[in-house]
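Here the numbering used here is used: position 317 in the sequence shown is 552, and no number is missing along the way.
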Amino acid sequence: MIIRAVPRRRLLQGAASLCFAPSFLRFALAADVPRFALGIASGQPQPSGMVLWTRITGADLPDQIEVTWELARDDAFKQIAARGVETAQAAWAHSVHAEPSGLEPGRRYWYRFTAMGQQSPAGRTATAPAADANASLNFAIASCQRWDAGHFAAWRHMAQEDLDVVMFLGDYIYEYSSRPDVIRRHEGLVANTLDSYRARYATYKSDPALQAAHASAPWLLVWDDHEVDNDYANLQSQTLEVNFEQRRAAAYQAYWEHMPFPKSARPRGADMRITGRLDWGSLARIHLLDDRQYRDPQACPKAGRGGAATVMQKACAELTDPKRTLLGFEQEQWLANGWDSTRPWNLVAQQTLMARYSWRDPSNGDGLYWTDGWDGYSASRNRLLGTVSDKKLKGVVVLGGDVHSNYVADLKANFDDDKSPVVATEFCGTSITSTALPQDRINAARRFNPHVHYGRGDQRGYMRFALDAKQLQVQLRVLDDVMNINSNISTAAQFRVEAARPGAMPV
Ligand code: FE
Ligand code: CA
């Protein structure tokens with residue numbers, strides 16, 4: 236990390252004018268302690284602004300720290316578009332969530348922070364296009380970056396892509412402790428308190444490749460389970476632990492503290508709203524869903540436990556129970572009311588594989604399903620895709636992660652009927668590092684799921700998309716070796732979707 240010292244004269248003037256000279260000078264003298272060791276980030280691009288994030292680091296920080304941010308039209312910071320001061324507070328891990336406003340739509344900007352005598356590296360960000368602007372959208376999706384499963388080489392390549400937006404679709408951290416024989420270890424035991432979640436984010440965010448990816452473009456983020464606890468559902472943990480509400484509150488607080496979300500998203504107790512919507516010019520409406528916070532518990536769990544299982548449809552009537560929901564009925568309704576029929580595309584950024592994936596021949600009701608994903612909440616899925624069908628929307632594209640595999644699929648209003656039309660297209664991207672099921676198990680089930688065009692659990696990387704009014708082009712970017720910090724990346728497969736016709740076509 237490069238840290239440029241602020242010239243001493245400017246520092247003293249600043250200190251004198253801002254009336255907190257004693258502590259400011261005292262800490263400024265500790266110039267060898269990096270104050271931006273976790274990098275910077277931006278997110279939530281809007282036509283007139285975005286969120287700029289950092290967190291001040293170092294031991295024995297004062298309760299409150301003044302942090303100056305600058306936003307420029309050029310990477311040399313000659314044309315400053317906006318500037319402000321935020322107070323980083325110990326109660327929120329000295330995180331900064333600055334929200335410049337009144338900016339030009341559809342434009343790139345550069346930003347940086349100054350605090351305690353140090354200047355952060357600069358990052359590139361952007362505003363969204365105006366709602367009526369002709370626009371294109373270059374973006375990538377990524378998920379599941381388990382620290383101890385490999386290196387973040389994928390992020391180094393992502394930072395080199397010329398992207399308008401990065402969408403991160405969950406499992407930013409993993410709460411687990413690490414085995415001793417892994418490539419790099421999580422520090423400490425399982426994260427389950429505010430301090431241990433904060434420490435876990437600090438470990439992940441120390442990675443220079445991840446920092447570079449954050450600094451390269453604004454991000455849109457949703458979480459999945461591992462930001463809190465594997466397979467949690469609403470207020471139920473996998474092990475049915477008591478006081479899980481407190482744990483969720485701690486996890487959500489640490490999440491907000493480390494992500495470029497606005498101040499308005501700051502959690503209240505164990506609640507934090509990440510559900511959101513963004514219009515990208517006249518091109519696309521992006522819906523961001525939360526499938527963890529409001530869901531019903533997984534169907535037919537193992538005795539005495541919560542969390543996922545793999546169950547026969549015949550043995551688990553709950554799987555198809557219309558009273559169960561993955562999104563919560565309120566969020567389902569919010570989505571049903573929010574589809575955009577005026578723009579060619581609706582992008583649904585959410586956590587996990589939506590396409591049905593039966594692990595056995597599903598004819599005669601003999602399907603075998605994993606209960607944590609959409610297959611465990613098929614009535615919820617049918618309602619969502621039924622609405623897409625009823626409204627005759629054509630350009631609906633579902634984006635996901637969670638399953639640590641590249642899946643490309645056609646989404647049908649009824650997966651059990653071969654003649655049911657394709658109503659939407661799905662790109663579920665593989666993990667940055669996390670490992671998946673053996674490829675032979677995925678292959679063995681492919682013939683039971685003819686709507687799935689591509690399924691690879693042995694690939695690590697991300698998906699890159701180029702969207703215009705006519706088509707979506709997709710590249711599956713795959714690392715040679717996730718254990719090699721300098722791994723090359725290449726395109727393993729390409730697909731395209733036409734705005735007027737749902738369904739993925741190989742290129
Ligand atoms: Fe994961
Ligand atoms: Ca997950």
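Every residue, glycine too, gets a C-beta built ideally from N, C-alpha and C.
Taking DSSP as the reference, what is the three-state secondary structure of residue i?
i	result
THR560	coil
ARG359	strand
HIS522	strand
VAL732	strand
GLY352	coil
LYS622	It is worth fixing the name first, because residue 622 is Thr in this sequence and not Lys. Helix.
THR289	strand
THR577	coil
ARG508	coil
SER441	coil
ASP383	helix
TRP454	strand
GLU480	helix
ARG414	coil
ASP750	For the chain, the structure presents residues 236 to 742; residue 750 sits outside this window and is missing.
LEU253	Its pLDDT being 37, under 50, LEU253 is placed unreliably in this model, and the value from its coordinates should be taken loosely. Residue state, collapsed to three classes: helix.
ARG343	strand
PHE312	coil
SER722	coil
LEU711	strand
HIS329	coil
ALA394	helix
VAL433	Residue 433 is actually Arg in this sequence, not Val. Helix at ARG433.
LEU582	strand
GLN192	Given a span of 236 to 742 for the chain in the structure shown, any question on residue 192 remains unanswerable.
ARG815	The question about residue 815 has no answer here: the residues shown for the chain are numbered 236 through 742.
ALA727	strand
GLN568	helix
GLN528	coil
HIS449	helix
Using DSSP's beta-bridge definition, name the partner residues of residue i.
i	result
PHE374	VAL400 and PHE700
THR545	TRP605
TRP304	GLY319 and PHE348
GLN299	GLN324
ASP367	The partner list for ASP367 (beta bridge, DSSP) is empty, contrary to what the question assumes.
SER277	LEU287
LEU513	ILE521
ALA468	GLN471
VAL687	ALA644
MET740	ARG731
GLN706	GLU733
With a threshold of 8 Å between beta carbons, is residue i in contact with chain B?
i	result
SER431	The chain labelled as chain B is not found in the depicted structure, where only one protein chain is given.
Between residue i and residue j, which are expected to be in contact by the criterion C-beta below 8 Å, what is the C-beta distance as a whole number of angstroms?
i	j	result
ALA571	THR622	5 Å
THR606	ALA534	5 Å
GLU661	GLY635	7 Å
ARG699	GLU422	ARG699 to GLU422, Cβ: 32 Å. No contact.
ASP645	ALA739	6 Å
LEU702	LEU455	About 14 Å; that fails the 8 Å criterion.
MET547	ASP610	Not really, about 12 Å apart at Cβ, beyond 8 Å.
ALA727	GLN674	Contact flag wrong, Cβ pair sits at about 13 Å.
ARG290	HIS329	6 Å
Does the segment 663-682 come into contact with the segment 340-359, if we say contact requires no fewer than three beta-carbon pairs (one atom in each stretch) closer than 8 Å? Touching, no, given that fewer than three Cβ pairs across the two stretches are closer than 8 Å.
Those runs of the beta strand (DSSP E) which lie wholly inside the segment 625-685 and span at least 3 residues: Runs of the beta strand (DSSP E) spanning 3 or more residues and lying entirely within the segment 625-685 occur at 631-635, 641-647 and 657-663, in chain order.
Pairing CB atoms from the segment 443-450 with CB atoms from the segment 474-489, are three or more of them under 8 Å? Short answer: they don't touch.
Determine contact between the segment 562-569 and the segment 500-509, defined as no fewer than three beta-carbon pairs at a distance below 8 Å. Fewer than three beta-carbon pairs drawn from the segment 562-569 and the segment 500-509 are found closer than 8 Å, and the two stretches are therefore not classed as touching.
Is it the case that the segment 720-737 contacts the segment 586-597, given that we only count it when at least three CB pairs across the two stretches are under 8 Å? With the cut-off at 8 Å, the segment 586-597 and the segment 720-737 do not touch.
Taking 8 Å as the cut-off, does the segment 651-659 touch the segment 421-436 (at least 3 CB pairs, one atom from each stretch)? No: fewer than three Cβ pairs fall under 8 Å.
State whether the segment 464-475 contacts the segment 528-547, with contact taken as three or more CB pairs (one from each stretch) at a distance under 8 Å. Short answer: they touch.
Could you say if the segment 536-545 and the segment 382-401 meet the contact criterion of at least three C-beta pairs nearer than 8 Å? The segment 536-545 vs the segment 382-401: no contact.
Can we say the segment 370-382 touches the segment 662-675, given the rule of at least three CB pairs closer than 8 Å? Three or more pairs of CB atoms, one per stretch, sit closer than 8 Å, so the segment 370-382 contacts the segment 662-675.
For the structure I just gave you, are there three or more beta carbon pairs, one from the segment 404-419 and one from the segment 456-465, closer than 8 Å? These segments touch.
At a cut of 8 Å, does the segment 331-338 reach the segment 623-632 through at least three beta carbon pairs? Contact between the segment 331-338 and the segment 623-632 is absent: fewer than 3 CB-CB pairs across the two stretches fall below 8 Å.
Would you call the segment 310-318 in contact with the segment 289-299, where contact means no fewer than 3 C-beta pairs closer than 8 Å? They do not touch, by the three-pair rule.
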